[in-house]
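Accompanying notes for the structure given below.
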Amino acid sequence: MAQPAAHAVLHTVELLQAILLSLDTKTLLLSQRTCKTWQDVIADSILLQEALFFRPAPPPDHTDCKPQFDALASEVFQLRKLKPGFPHIKAKHRPKEYINPWITGSFRHMLITQPPAQVVWLHTRHGGVCVSGQTVNARDGEGVTIGDVLDKLEKLSGGKPNKTRGVITSVSVGEKVVVKPPFGW
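Using mature numbering (1 follows the signal peptide of the UniProt record, and there is no 0), the letters of the sequence shown map in sequence onto residues -18 to -1, 1 to 167.
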């Protein structure tokens, strides 16, 4: 008796969407692999696409809000405390699919922030040389993605992104708001 009830719940789009919205970002992203139905529900749901940082969320009504940073980015980047307020990011040595430019994992299309950041400022270090003021700009006004930051590190490193470290010093969301990423992102 329980099996038909579970089947009915998981095949009711509205109920499945509500359940999926309660998942953390990584679990939600991987849930697309469960079955074709779940993949379709996730792909067709505006709310789920926003929760996955694939689609821009509408900006809040007030201008003093802080953007939400993509929690899955911490899986892509290794974070270390450099100084209060600034996370230190370094492309992980493993797994290689995170740093190889030819890999086209869907995580690369995830926005860094919600609402989307239009500009991300980086302070990078490669081979002992520090470069300040590097920027990653949103393509076509869509928002800066994890892939955009990885591509910038790849370009700055001459093809050796695992040798490049970067600190996201600030992001610009909207026309007026410039914020520093929260510690722990």
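Glycine included, C-beta positions come from ideal geometry on N, C-alpha and C.
- Secondary structure of Phe89 (DSSP, three-state): helix.
- Look at Ser139 here: in three-state DSSP terms it is coil, with no helix or strand label.
- Excluding five sequence positions before and after Gln100, the CB atoms of its chain that fall closer than 6 Å to its own CB belong to Ala120, Ser154, given in chain order.
- In this model, Gly110 and Thr19 are separated by some 49 Å (Cα to Cα).
- In the structure shown, the three-state DSSP call for Ile94 is coil.
- Taking the C-beta atoms as reference points, Ser139 is found nearer than 8 Å to Thr146.
- In this structure, the CA atom of Leu12 is about 33 Å from the CA atom of His108.
- When only Cα atoms are considered, Asp52 and Gln(-16) end up about 35 Å apart.
- Separation of the CB atoms of Gln21 and Gln14 is rounded to 5 Å, and the pair is thereby assigned contact status at 8 Å.
- Within its own chain, the residues whose Cβ lies closer than 7 Å to the Cβ of Leu54, once the five positions on either side in sequence are excluded, are Thr7, Lys8, Leu11, Phe89, Met92, listed in chain order.
- Rounded to whole angstroms, the Cβ separation of Val23 and Val(-6) is 6 Å, and the two are in contact under 8 Å.
- Distances from the alpha-carbon of Leu104 to those of Val126, His(-8), Ala33 put Val126 closest.
- A straight-line Cα-Cα distance of about 12 Å links Ile150 and Ile128.
- The criterion of a C-beta distance shorter than 8 Å is not satisfied by Ala39 and Gln(-2).
- Within a 10 Å sphere around the beta-carbon of Leu135 sit 16 or more other beta-carbons, which makes this residue buried.
- Residue Thr117 holds the alpha-carbon nearest to the alpha-carbon of Asp133 among Gly123, His(-12), Gln50, Thr117.
- Short of 7 Å from the beta carbon of Ile1, and not among the five residues preceding or following it, lies no beta carbon of its own chain.
- Taken through DSSP and simplified to helix, strand or coil, His(-12) comes out as helix.
- Taken atom to atom, the span from the alpha-carbon of Leu3 to that of Arg37 is near 14 Å.
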